[in-house]
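Quick note: the sequence shown, position 50, residue 30 per my numbering, numbers continuous.
In what follows, a single structure is set out as structure tokens and then discussed.
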Amino acid sequence: EMLQDTAVVNARLPIQTKKAIYQVLDSGLYFNISHYLRDIIRKDLEARGIDIEKSS
-19 EMLQDTAVVN ARLPIQTKKA IYQVLDSGLY FNISHYLRDI IRKDLEARGI
31 DIEKSS
């Protein structure tokens, strides 16, 4: 997946949260943490009615 106009965001997470994320990754649904986070953030923004194409 090639991404254009990207930014790096750092976040501190509890160790248990990181372990839970790796359980999701181990299921094979996501390639890596970035892929997972982009997907859940996109879904959250859509649920809130925020158009990411217009919010930049």
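Every residue, glycine too, gets a C-beta built ideally from N, C-alpha and C.
In this text, all values refer to a predicted model and were calculated from it rather than measured experimentally.
If you look at Gln3, you'll find it in the alpha helix (DSSP H) that goes Ile(-5) to Asp6. For Leu9, the three-state secondary structure derived from DSSP is coil. The Cβ atoms of Tyr10 and Tyr16 lie closer than 8 Å to each other.
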